[in-house]
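Working notes, structure below.
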Amino acid sequence: MPTPAEIYWPTITFLLVRALKQPYAKNTDLSWPVKSSYFELAKAAVTINAEEGSVFAIAFHSFLTELEKQKLSRSQLDAAVRRFNEIPDIQNILDQLSERLKVLGPSPESNQMLLRLSPRTSEEIIAMQENISNWVAHEYSPVDERVAACDARRIRRMDSLARLFALNSSLSACTAVTLDTSEVPRLVIGANVGKQGDQEIIMAVIAKKLRIIQRFMQKNAEKLTLSCPLSELEVHAKTLIKALFPERTIGDDPDTQTQVLLQAAMKIIHAVCIDDTTFTAEEKQAFGVDAPAVILLPTMQGALLKMQGRHITAKGWLDSEFDLPPVPVTTSVKDIHAEQLIARYLFVECEHPHDESFIFGISKLCCRTCFDHLITYPGVLVRGHHGQSYQGVINLRNGEIPTESSARRATTHAWPSPKDTPAREQREETSDHLFSMLAARNSLFPSPKHLSPPSERRVARTLFKTPPRPPALMVNRPIPGLFPHVNTDGCQTIEEETRDKESAPSSAPVM
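Following this line, the structure appears as structure tokens:
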């Protein structure tokens with residue numbers, strides 16, 4: 001099996017030759033025979049200086065070694081190797097060779113050995129290797145631009161709820177959720193869509209997760225009390241995770257993603273069924289079996305982007321469709337992110353006041369584009385952002401679209417906090433393996449710097465007001481399998497309509 005050096009070396013030599021040929025290829029004053037002579041000299045210049053122990057060979061091996069330290073994916077490594085000529089030391093070498101090509105000229109009898117650069121001293125080689133190492137570290141080391149509001153328990157709990165709605169990344173890369181008590185307490189859920197045509201699958205999976213969570217909370221609301229031991233809370237969390245993510249195996253040593261899901265389940269169960277301070281009694285009604293909810297997804301009609309809404313009620317569900325701002329370039333559904341859909345629905349379609357307060361829970365941190373959208377609404381609180389932007393993602397408020405993705409990688413999960421689990425005092429005294437594991441995991445991360453902490457007044461003020469008008473509802477159909485006792489005249493029976501959709505997979509998220 002070829003080594004990475006053997007795989008990428010032909011690419012490097014091709015890039016070097018192309019860089020030396022480029023000035024002559026673009027020169028329209030040169031005849032083709034003259035250009036061909038310069039092209040041959042360019043190939044010779046690279047070949048002579050690419051031998052074992054030569055400057056290009058040393059630089060390439062140092063470059064590849066530093067890239068491998070960054071643990072890049074194969075696609076990232078492919079792209080990184082093609083940036084070899086951007087390294088300042090390599091640019092200087094190419095400039096030297098370009099000057100020698102000009103001196104030699106296109107004469108066939110030119111002494112090509114004059115293209116060989118002088119061997120570098122050990123000090124010069126060490127300096128070049130250090131420069132390459134610094135360049136790679138600057139360009140490819142993971143950046144951590146996370147900001148967090150870890151002292152706000154409500155934000156952390158809404159993040160936990162969003163993780164329970166997460167899907168396989170091939171369907172949806174991110175989910176978001178908020179509580180709206182403007183009329184009747186309800187959850188408003190948004191999700192990214194990987195590709196057009198997956199909307200019905202995603203709707204079915206999220207609706208199924210919603211009714212599992214609602215039935216679980218209603219069933220256990222009276223059973224769980226403040227005296228509930230942590231071991232019992234863990235059992236309930238495992239039961240909920242098995243129902244939401246049946247493909248996951250939850251043993252005594254769950255994998256990292258399952259640990260995150262278990263932690264999220266324990267937090268939200270504690271907040272809804274036990275704790276009286278995180279959510280008000282009115283807000284907890286949104287977790288009841290007959291509570292309404294809204295699911296929002298991006299969709300396309302021809303070249304037009306739309307927002308598809310599904311309004312779940314006690315009698316079934318109603319579909320609606322909303323226009324999105326026109327986009328000047330061709331795009332796709334994956335470029336509309338979940339948290340922006342929720343903001344669009346609440347502040348544009350429902351006409352909530354611009355400064356109305358909402359807490360958005362998100363299964364991952366915001367990208368830079370979404371965060372720039374959300375900060376235009378003073379009342380919206382989120383856990384933070386990771387500072388990176390992605391090519392094509394649309395800011396629905398101002399229409400801005402990044403033309404390219406951020407070059408550097410970023411951490412997209414929120415800061416873990418040692419104080420973000422229920423019954424912290426009990427956890428510190430217990431030998432319960434799950435909380436010991438979570439405590440050990442959290443201790444690996446330093447405390448975040450609160451770059452923009454929300455004030456206590458801002459978090460505690462009254463959150464919800466009544467919108468001037470409800471959203472338009474366009475289609476009235478029963479939701480598949482959600483209310484088995486409902487059968488609407490003129491509609492396909494629930495059993496017939498849900499025979500396939502109830503079997504839709506609920507895949508685990510990539511956290």
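Per full-length UniProt numbering: the sequence shown = residues 1 to 511. We put the beta carbon where it would ideally sit given N, CA and C, even for glycine. Predicted model, so just to flag it, every value in this text is computed and none were measured.
Across the set L77, I189, F216 and V333, the C-alpha of I189 shows the shortest separation from the C-alpha of Y345. With fewer than 16 other Cβ atoms from the protein chains shown falling within 10 Å of its own Cβ, I126 counts as exposed.
Annotated as distal: A57 and L97, with beta-carbon spacing of 8 Å or more. Membership of K238 in the alpha helix (DSSP H) is indicated by the continuous run L230 to L244. Shown here, H337 sits in coil according to DSSP, grouped into three states, outside any helix or strand. In the DSSP assignment, K208 falls within the alpha helix (DSSP H) that extends over Q199 to N220.
Beta-carbon to beta-carbon, I241 and A265 are separated by about 5 Å, close enough to satisfy the 8 Å threshold. Nearest in C-alpha terms to F360, of all of D29, I342 and P353, is I342.
Under the 8 Å Cβ criterion, the region 128-145 does not count as touching the region 333-342, having fewer than three qualifying pairs. With respect to C370, E321 sits apart: the two C-beta atoms are not nearer than 8 Å. Contact between the region 87-105 and the region 65-74 is absent: fewer than 3 CB-CB pairs across the two stretches fall below 8 Å. The DSSP-derived three-state label of C174 is coil.
For I312, the enclosing beta strand (DSSP E) covers residues L304 to T313.
Taking a 10 Å sphere around the C-beta of A80, we find 16 or more other C-beta atoms and assign the residue as buried. Per DSSP, R157 is one residue of the alpha helix (DSSP H) stretching across R153 to L164.
Look at L94 here: in three-state DSSP terms it is helix. The region 307-320 makes no contact with the region 368-382; the number of CB pairs closer than 8 Å stays below 3. Inter-segment contact for the region 228-236 and the region 202-211 is absent: fewer than three beta-carbon pairs are separated by less than 8 Å. D372: member of the alpha helix (DSSP H) spanning R368 to L374, first to last residue. H354 is classed as exposed because its beta carbon has fewer than 16 other beta carbons within 10 Å across all chains shown. Around the beta-carbon of V177, 16 or more other beta-carbon atoms lie within 10 Å, marking it buried. Our two residues, A162 and G197, have alpha carbons roughly 23 Å apart in a direct line. Counting only residues of its own chain and dropping the five nearest sequence neighbours on each side, C228 has a CB closer than 7 Å to the CB of I274.
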